[in-house]
Amino acid sequence: MIIRNEIILNADPATVWNLLTNPEKTKQYMYGCEVVTDWKVGSPIEWKGEYEGKETVFVTGNIVRLEPGELLAYTVIDPHGPYPEDVSSPLTVVCEVIRDDDKTVLLVSQGDYSRVTDGEDRYRKALAEGGWDGVLCAIRDLLEREKA
Numbered sequence: 000m001i002i003r004n005e006i007i008l009n010a011d012p013a014t015v016w017n018l019l020t021n022p023e024k025t026k027q028y029m030y031g032c033e034v035v036t037d038w039k040v041g042s043p044i045e046w047k048g049e050y051e052g053k054e055t056v057f058v059t060g061n062i063v064r065l066e067p068g069e070l071l072a073y074t075v076i077d078p079h080g081p082y083p084e085d086v087s088s089p090l091t092v093v094c095e096v097i098r099d100d101d102k103t104v105l106l107v108s109q110g111d112y113s114r115v116t117d118g119e120d121r122y123r124k125a126l127a128e129g130g131w132d133g134v135l136c137a138i139r140d141l142l143e144r145e146k147a
């Protein structure tokens, strides 16, 4: 039970990689959250933003695989969610950046929902919400604004 989304972007892979790893850029497409990490395998990764005037960590996890410019994989845990056991068996997000002539394909997968509490229901809900489609469209829109 893995959700997969992809988008073709009018940008080179280095530009797309920068959008994925630059905190100032992530704030513009990831619901106001900036990514915080040292970009080393095994290190923590956090998505921080503001909620009701206070800095909040909305998602936390660890980097599990990193191939700069090509692949980023990290676990995701909602520290405010109803599933504290997800710490021992979290979902994993994998972002793949693939050159396609003068464009870049960004593939994002999230799962495996079969390993987490209430996984089937959470998988169905995530599918119904479009998975990463909204974020990928926001990335595309950010790229277009920056080119204009």
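Numbering (numbering that gives the first Met the number 0), first residue to last: 0 to 147.
Glycine included, C-beta positions come from ideal geometry on N, C-alpha and C.
Model, not experiment: these values are computed from the prediction.
Counting along the chain, no beta strand (DSSP E) covers GLY133; the unbroken alpha helix (DSSP H) around it starts and ends at 132-146. Counting the other CB atoms within 10 Å of its CB gives LYS146 a total below 16, which places it among the exposed residues. In the three-state scheme derived from DSSP, where H, G and I count as helix and E and B as strand, VAL40 is classed as coil.
Under DSSP, LEU18 shares a beta bridge with no residue. Ranking TYR73, PRO78, MET0 by CA distance to the CA of GLY41 puts TYR73 first. In the structure shown, GLU33 falls within a strand segment according to DSSP collapsed to helix, strand and coil. Between GLY110 and LEU126, the C-beta spacing is not below 8 Å.
Counting only runs that start and end inside the region 60-143, the beta strand (DSSP E) elements of at least 3 residues fall at 70-75, 90-99, 102-110. VAL107 counts as buried, since no fewer than 16 other beta carbons sit within 10 angstroms of its beta carbon.
Beta-bridge analysis with DSSP links TYR50 to LYS53. Each residue's CA atom was taken as its position, placing ASP120 and MET0 some 11 Å apart. Three or more Cβ pairs drawn from the region 90-105 and the region 67-82 lie within less than 8 Å of each other, which places the two stretches in contact.
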